[in-house]
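**Q** Pasting in a structure now, in structure tokens, and then I'll have a few things to ask.
Protein chains: 2
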Amino acid sequence: MEQLPKRPANYVPLSPVGFLPRANAVYGDRTSVIYGRVRFTWAQTYHRCRRLASALLALGVRRNDVVSVLAPNVPAMYEMHFAVPMAGAVLNTINTRLDAGAVATILRHSEAKLFFVDYDYVRLAGDALQILVAKHPGAPVPLVAVIDDIDAPTGVRLGELEYEALVARGDPDADLPPLQDEWDAVTLNYTSGTTSAPKGVLYSHRGAYLSTTSLLLQWGVGTEPVYLWTLPMFHCNGWTFTWGMAARGGANVCIRDARAADIYRAIARHRVTHMCCAPVVFGILLEGDGHGDGASGKRLDAPVHVLTGGAPPPAALLERVERVGFKVTHAYGLTEATGPALACEWRDQWDRLPLPERARLKARQGVSVLSLADADVKNVDTMLSVPRDGKTVGEIVLRGSSVMKGYLNNPDANDKAFKGGWFLTGDVGVVHQDGYIEIKDRSKDVIISGGENICSKEVEEVLFRHPALADAAVVAMPHPRWGETPCAFVVPRDHAKAAAAGFEDDVLAFCSKRMARFMVPKKVVVLPHALPRNALGKVEKVKLREMARKLAPTVPAPQKPKGKTTTTTTVGGRRDEQPVAHVMAVSRL
Amino acid sequence: MEQLPKRPANYVPLSPVGFLPRANAVYGDRTSVIYGRVRFTWAQTYHRCRRLASALLALGVRRNDVVSVLAPNVPAMYEMHFAVPMAGAVLNTINTRLDAGAVATILRHSEAKLFFVDYDYVRLAGDALQILVAKHPGAPVPLVAVIDDIDAPTGVRLGELEYEALVARGDPDADLPPLQDEWDAVTLNYTSGTTSAPKGVLYSHRGAYLSTTSLLLQWGVGTEPVYLWTLPMFHCNGWTFTWGMAARGGANVCIRDARAADIYRAIARHRVTHMCCAPVVFGILLEGDGHGDGASGKRLDAPVHVLTGGAPPPAALLERVERVGFKVTHAYGLTEATGPALACEWRDQWDRLPLPERARLKARQGVSVLSLADADVKNVDTMLSVPRDGKTVGEIVLRGSSVMKGYLNNPDANDKAFKGGWFLTGDVGVVHQDGYIEIKDRSKDVIISGGENICSKEVEEVLFRHPALADAAVVAMPHPRWGETPCAFVVPRDHAKAAAAGFEDDVLAFCSKRMARFMVPKKVVVLPHALPRNALGKVEKVKLREMARKLAPTVPAPQKPKGKTTTTTTVGGRRDEQPVAHVMAVSRL
Numbered sequence: 001m002e003q004l005p006k007r008p009a010n011y012v013p014l015s016p017v018g019f020l021p022r023a024n025a026v027y028g029d030r031t032s033v034i035y036g037r038v039r040f041t042w043a044q045t046y047h048r049c050r051r052l053a054s055a056l057l058a059l060g061v062r063r064n065d066v067v068s069v070l071a072p073n074v075p076a077m078y079e080m081h082f083a084v085p086m087a088g089a090v091l092n093t094i095n096t097r098l099d100a101g102a103v104a105t106i107l108r109h110s111e112a113k114l115f116f117v118d119y120d121y122v123r124l125a126g127d128a129l130q131i132l133v134a135k136h137p138g139a140p141v142p143l144v145a146v147i148d149d150i151d152a153p154t155g156v157r158l159g160e161l162e163y164e165a166l167v168a169r170g171d172p173d174a175d176l177p178p179l180q181d182e183w184d185a186v187t188l189n190y191t192s193g194t195t196s197a198p199k200g201v202l203y204s205h206r207g208a209y210l211s212t213t214s215l216l217l218q219w220g221v222g223t224e225p226v227y228l229w230t231l232p233m234f235h236c237n238g239w240t241f242t243w244g245m246a247a248r249g250g251a252n253v254c255i256r257d258a259r260a261a262d263i264y265r266a267i268a269r270h271r272v273t274h275m276c277c278a279p280v281v282f283g284i285l286l287e288g289d290g291h292g293d294g295a296s297g298k299r300l301d302a303p304v305h306v307l308t309g310g311a312p313p314p315a316a317l318l319e320r321v322e323r324v325g326f327k328v329t330h331a332y333g334l335t336e337a338t339g340p341a342l343a344c345e346w347r348d349q350w351d352r353l354p355l356p357e358r359a360r361l362k363a364r365q366g367v368s369v370l371s372l373a374d375a376d377v378k379n380v381d382t383m384l385s386v387p388r389d390g391k392t393v394g395e396i397v398l399r400g401s402s403v404m405k406g407y408l409n410n411p412d413a414n415d416k417a418f419k420g421g422w423f424l425t426g427d428v429g430v431v432h433q434d435g436y437i438e439i440k441d442r443s444k445d446v447i448i449s450g451g452e453n454i455c456s457k458e459v460e461e462v463l464f465r466h467p468a469l470a471d472a473a474v475v476a477m478p479h480p481r482w483g484e485t486p487c488a489f490v491v492p493r494d495h496a497k498a499a500a501a502g503f504e505d506d507v508l509a510f511c512s513k514r515m516a517r518f519m520v521p522k523k524v525v526v527l528p529h530a531l532p533r534n535a536l537g538k539v540e541k542v543k544l545r546e547m548a549r550k551l552a553p554t555v556p557a558p559q560k561p562k563g564k565t566t567t568t569t570t571v572g573g574r575r576d577e578q579p580v581a582h583v584m585a586v587s588r589l
Numbered sequence: 001m002e003q004l005p006k007r008p009a010n011y012v013p014l015s016p017v018g019f020l021p022r023a024n025a026v027y028g029d030r031t032s033v034i035y036g037r038v039r040f041t042w043a044q045t046y047h048r049c050r051r052l053a054s055a056l057l058a059l060g061v062r063r064n065d066v067v068s069v070l071a072p073n074v075p076a077m078y079e080m081h082f083a084v085p086m087a088g089a090v091l092n093t094i095n096t097r098l099d100a101g102a103v104a105t106i107l108r109h110s111e112a113k114l115f116f117v118d119y120d121y122v123r124l125a126g127d128a129l130q131i132l133v134a135k136h137p138g139a140p141v142p143l144v145a146v147i148d149d150i151d152a153p154t155g156v157r158l159g160e161l162e163y164e165a166l167v168a169r170g171d172p173d174a175d176l177p178p179l180q181d182e183w184d185a186v187t188l189n190y191t192s193g194t195t196s197a198p199k200g201v202l203y204s205h206r207g208a209y210l211s212t213t214s215l216l217l218q219w220g221v222g223t224e225p226v227y228l229w230t231l232p233m234f235h236c237n238g239w240t241f242t243w244g245m246a247a248r249g250g251a252n253v254c255i256r257d258a259r260a261a262d263i264y265r266a267i268a269r270h271r272v273t274h275m276c277c278a279p280v281v282f283g284i285l286l287e288g289d290g291h292g293d294g295a296s297g298k299r300l301d302a303p304v305h306v307l308t309g310g311a312p313p314p315a316a317l318l319e320r321v322e323r324v325g326f327k328v329t330h331a332y333g334l335t336e337a338t339g340p341a342l343a344c345e346w347r348d349q350w351d352r353l354p355l356p357e358r359a360r361l362k363a364r365q366g367v368s369v370l371s372l373a374d375a376d377v378k379n380v381d382t383m384l385s386v387p388r389d390g391k392t393v394g395e396i397v398l399r400g401s402s403v404m405k406g407y408l409n410n411p412d413a414n415d416k417a418f419k420g421g422w423f424l425t426g427d428v429g430v431v432h433q434d435g436y437i438e439i440k441d442r443s444k445d446v447i448i449s450g451g452e453n454i455c456s457k458e459v460e461e462v463l464f465r466h467p468a469l470a471d472a473a474v475v476a477m478p479h480p481r482w483g484e485t486p487c488a489f490v491v492p493r494d495h496a497k498a499a500a501a502g503f504e505d506d507v508l509a510f511c512s513k514r515m516a517r518f519m520v521p522k523k524v525v526v527l528p529h530a531l532p533r534n535a536l537g538k539v540e541k542v543k544l545r546e547m548a549r550k551l552a553p554t555v556p557a558p559q560k561p562k563g564k565t566t567t568t569t570t571v572g573g574r575r576d577e578q579p580v581a582h583v584m585a586v587s588r589l
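Residue numbers (the UniProt record's numbering), protein chains in the order written: chain A, 1 to 589; chain B, 1 to 589.
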């Protein structure tokens with residue numbers, strides 16, 4: 001029984017990249033990618049990826065080399081999810097909303113060998129490369145290749161290489177290095193880019209394969225899906241549905257921006273069946289229906305299944321998008337868990353409950369996906385499970401093959417993240433009697449704005465450098481449109497000067513120059529005294545969050561609410577049930 | 001990048017057994033098993049399995065020990081799929097339709113330590129144990145435990161141990177040995193039991209896990225399925241849906257026999273959503289609707305999804321069962337591939353085609369399931385792929401982690417089965433232009449009758465031992481009810497004697513004493529001369545099959561056909577498109 005060896009026929013290293021040759025074999029004539037007037041079949045996508053992989057090898061890319069990409073949801077971005085690991089390399093997708101400094105930090109930390117840049121991000125990339133060279137003289141600088149628009153080429157270049165030219169010069173019949181070990185890294189996703197020790201999350205081929213099949217199963221993605229790319233592929237590799245669409249032979253509808261008009265046009269034209277997004281996109285969808293509340297007018301011809309990340313949108317918002325024809329499933333996840341880790345699996349019997357009760361059940365984050373061996377809530381000092389009473393809080397911990405390989409070159413972060421056989425999420429929750437987990441408070445220092453994670457410490461570090469400030473703290477302020485926005489509490493060195501007009505604007509301008517736009521505080525509160533601190537000298541952020549909550553805008557800005565506003569429709573009135581956009585990219589400190 | 005170790009938090013050995021603790025955690029209060037008046041929840045099933053596992057350990061069962069079971073689809077049979085591997089042991093489910101000699105051969109070959117026997121099979125088991133002792137004096141004899149009826153205990157015993165007593169004396173809190181290596185064996189399924197070198201197919205935990213999730217995905221099994229056990233669990237562990245129901249928190253409705261009345265009663269009472277069966281069960285279902293053709297009368301209240309194994313039923317039969325409310329998906333598989341290996345994934349665009357064209361497309365075996373890295377049709381001499389022309393035949397070959405670990409203690413069979421990085425199925429097929437595989441001829445020496453595989457060589461070996469016969473050959477004869485039945489062509493030593501009345505009956509009686517009932521030829525043809533042989537002396541079975549086809553009954557016996565009979569409704573009239581019950585347990589020689 002022990003003597004039966006693993007053979008090439010019965011032991012194939014698990015890899016989501018393997019879904020592509022299979023798609024070529026069995027879905028070869030079906031549509032793989034749609035972008036503007038461009039349309040590929042799975043056979044074409046497969047051969048294009050083989051070409052690109054061989055071109056990467058010809059450029060000297062080798063096993064475990066990092067290939068970075070800064071691009072929106074375009075065909076090249078999709079193809080690189082296969083072509084880069086087919087060359088043995090590791091794909092690093094960079095959030096396009098970061099600023100040049102953060103991009104430079106990622107390029108430096110990942111030691112990227114090659115850097116693909118969408119034509120629209122050439123300036124950002126150029127700035128990042130300048131910072132890289134200036135700050136780290138002697139550090140390796142990646143080769144740069146521009147991804148021009150495949151539908152309407154612009155001619156924009158940054159260096160000599162161009163994506164389509166690389167594909168063209170690649171050999172589809174070249175030998176590619178076979179994957180030997182499923183524990184090899186397939187992608188690298190940064191949860192945070194600007195600090196001195198950025199956290200680059202590595203996925204193994206094995207983990208990504210298991211996550212992909214598990215999430216297809218969890219969401220119930222059937223045959224012939226038409227998937228609209230509203231969720232950026234740079235978020236957990238599109239929560240694995242980049243690979244998932246190859247597994248199911250689906251069509252990937254790529255759009256550069258998740259604008260309401262583009263979304264509705266794509267849905268109608270291509271009969272979209274599935275999409276993922278942060279809850280903030282619901283607001284965009286409701287505005288775009290021409291009525292703002294989905295109560296009348298627009299109806300989708302056929303239902304579109306939406307998987308949304310993190311905390312569920314409030315019941316009323318959910319009801320409004322569902323009325324338009326979106327069928328929403330929500331999940332909770334984080335980059336370190338390869339996207340969704342818990343999903344609120346609905347039970348038919350709950351359909352018969354009154355609405356408030358249904359909303360309460362739907363607000364729970366749910367049960368572990370199948371790729372996890374276990375999810376639990378524990379007292380992380382004792383590592384004992386909390387009782388299943390829906391009350392006792394603890395930290396949500398995960399265990400299973402879809403948990404990341406680890407943080408790249410960051411032993412401290414790895415030491416903190418793994419404990420006693422578990423991965424610690426940093427999020428606080430309870431377990432209900434039926435085993436469903438509910439988040440009670442997120443990792444304290446994460447602000448989630450419009451689907452993007454903001455690490456409050458990073459914003460604070462910039463504020464500390466402002467010459468006129470003695471102290472500063474940043475917390476989340478609820479926002480009816482963006483879920484949360486950063487709110488800065490600052491203590492000036494000179495209170496008289498701070499009282500002058502334009503002081504807040506000056507602080508904001510200082511931030512704008514030093515961080516991505518979405519990270520810049522939407523409000524600066526000048527405190528007359530010191531920050532509230534506890535006996536140990538720790539800033540009491542609970543108090544600041546309470547203050548921020550009172551200062552928060554309650555009426556959505558560009559949206560025209562009818563009747564209730566979103567902020568007054570929270571379930572149970574708890575802070576964490578604001579319409580926050582808690583997404584799959586929770587970063588922790 | 002290379003230095004990130006596997007940790008308990010991110011590298012958990014894959015095992016389908018792990019779905020049970022998860023089901024306990026997240027579906028604990030939901031129904032797991034229904035049998036008569038007995039009903040368990042997932043929490044109860046989990047704790048019962050832990051108890052049984054600890055009882056097995058107390059009996060001395062150790063890692064890699066084989067625990068055999070001879071039982072129909074009862075709760076104990078279900079539970080053993082978890083409890084036995086939880087004790088580190090390997091579950092061996094024995095086909096209840098075998099005769100005592102074949103059961104003895106399996107007990108001997110597997111070196112079973114423990115043998116669980118359903119009360120209704122005590123006589124068969126007793127006979128098997130006697131043969132074991134008589135034929136192999138000194139061979140280890142397994143401990144025996146009876147599985148009494150849990151709903152209506154009978155008091156029948158065979159030895160001192162009884163299943164419920166073992167469960168009762170087990171300790172649910174006992175430490176169970178953790179799975180260290182996902183390559184360890186989880187189950188052992190024999191494709192053939194009577195020959196001197198039986199083929200015991202070993203599944204690894206890894207392969208079984210991957211097959212389970214892949215088949216749930218392929219069949220689109222959603223949340224809260226209610227699964228009716230018409231397919232015997234001893235066929236490829238119920239094609240992995242034993243474990244699959246734990247993964248989805250479904251309800252397992254157990255019935256001892258797949259009789260029409262029991263099936264319809266279970267469907268109505270428990271709102272069954274899913275079942276698997278061989279196509280032969282369609283006949284049973286149509287008879288049982290009281291009309292014989294499903295054209296009127298019985299309609300299911302809600303659709304029941306049916307996954308059927310192997311060659312599709314003829315279009316007309318399919319149409320009739322679908323009219324009753326069964327939604328049929330068909331797949332092709334074999335024990336060595338952990339059940340389904342190919343599935344005829346339907347494409348929406350085919351809905352618009354005329355019926356004959358639809359039937360032609362549905363007759364194809366389809367595309368590889370996701371757990372396979374690849375499926376192909378090759379010339380196995382050159383190992384080159386056949387062109388995708390739908391015409392050039394070759395052998396169907398498979399590659400991927402759902403292919404068996406190997407045959408237990410049978411190096412010859414392993415050497416033959418694995419070649420050039422592929423597993424050879426022995427089945428002959430073509431690849432169509434769109435990548436869909438279609439079987440053109442099955443492994444020549446397999447006869448599939450009523451969902452059971454019969455190895456023609458095994459029947460021939462018995463005939464060779466008949467003193468009055470000089471030669472014999474057995475081939476498949478089409479049968480409108482059983483798909484195929486064995487037809488024996490015999491050459492008597494003395495033609496005069498053979499002409500006497502009762503000669504055929506004597507041959508049949510000889511067989512009946514020496515093999516399971518379903519293996520006994522339904523027809524004996526006495527040839528006046530020698531068997532037709534080619535130049536190399538090989539029996540020309542093609543000619544015999546042709547003769548058998550002409551001798552075949554065309555009117556189904558207990559069924560009342562209206563209009564066309566099933567045999568005249570074959571698509572294209574090819575032999576392999578008769579309503580055969582080609583199931584997941586194809587054995588090869």
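Each residue gets a CB set at the ideal place from its N, CA and C atoms; glycine is no exception.
When you compare the CB of residue 7 (chain B) with every CB in chain A, is at least one pair closer than 8 Å?
**A** Answer yes: the Cβ-Cβ gap between residue 7 (chain B) and chain A drops below 8 Å somewhere.
**Q** With distances taken from CA atoms, which of B:522, B:498, B:510, B:462 is nearest residue 479 (chain B)?
**A** When only C-alpha atoms are compared, the closest one is B:522.
**Q** Taking all protein chains shown into account, decide if residue 105 (chain B) is buried (16 or more other Cβ within 10 angstroms of its Cβ) or exposed.
**A** So residue 105 (chain B) ends up on the buried side.
**Q** Please report the straight-line C-alpha distance between residue 8 (chain B) and residue 420 (chain A), rounded to a whole angstrom.
**A** So the alpha carbons of these two residues sit roughly 8 Å apart.
**Q** Rounded to whole angstroms, what's the CA-CA distance from residue 178 (chain B) to residue 541 (chain A)? Just pull it up for me.
**A** One C-alpha to the other measures close to 43 Å.
**Q** Within 8 Å of any Cβ in chain A, is that where the Cβ of residue 584 (chain B) sits?
**A** Below a pLDDT of 50, predicted positions are generally treated as unreliable, and residue 584 (chain B), at 36, falls in that range; the measurement from the model is reported next regardless. No, no contact with chain A.
**Q** Check whether the region 353 to 361 of chain B and the region 12 to 25 of chain A touch, using three or more Cβ-Cβ pairs below 8 Å as the test.
**A** No: fewer than three Cβ pairs fall under 8 Å.
**Q** Quick one: is residue 368 (chain B) near chain A, going by C-beta distance under 8 Å?
**A** Closer than 8 Å: yes.
**Q** Anything in the region 402 to 425 of chain A with a Cβ closer than 7 Å to a Cβ of chain B? List those residues in chain order, please.
**A** Residues 403, 404, 405, 406, 408, 418, 421, 422, 423.
**Q** Quick one: residues in its chain with C-beta nearer than 6 Å to the C-beta of residue 374 (chain A), no 5 flanking neighbours on either side, listed in chain order?
**A** 399.
**Q** Apply the 10 Å Cβ neighbour rule to residue 354 (chain A) and answer buried if 16 or more other Cβ atoms are within range, or exposed otherwise.
**A** Its Cβ having fewer than 16 others within 10 Å, residue 354 (chain A) is exposed.
**Q** Any C-beta of chain B sitting closer than 8 Å to the C-beta of residue 211 (chain A)?
**A** With 8 Å as the cut-off, residue 211 (chain A) does not count as an interface residue toward chain B.
**Q** For a contact meaning CB atoms closer than 7 Å, what does residue 11 (chain B) contact in chain A?
**A** The contacting residues are 401.
**Q** For a quick check, are the C-beta atoms of residue 483 (chain A) and residue 450 (chain A) less than 8 Å apart?
**A** Yes; because the gap between Cβ atoms is below 8 Å, this pair is in contact.
**Q** Could you tell me how far apart the beta carbons of residue 32 (chain B) and residue 170 (chain B) are, in whole angstroms, since I believe they sit closer than 8 Å?
**A** In fact, because the Cβ distance is near 18 Å, the residues do not count as touching under 8 Å.
**Q** Measuring alpha carbon to alpha carbon, tell me which of B:65, B:500, B:469, B:76 ends up nearest residue 85 (chain B).
**A** Measuring from the Cα of residue 85 (chain B), the nearest candidate turns out to be B:65.
**Q** In the DSSP assignment, find the unbroken beta strand (DSSP E) run with residue 39 (chain B) in it and report its ends.
**A** Counting along the chain, the beta strand (DSSP E) containing residue 39 (chain B) begins and ends at 38 to 41.
**Q** Tell me whether residue 217 (chain A) is buried or exposed, calling it buried when 16 or more other Cβ atoms sit within 10 Å of its Cβ.
**A** Burial call: buried.
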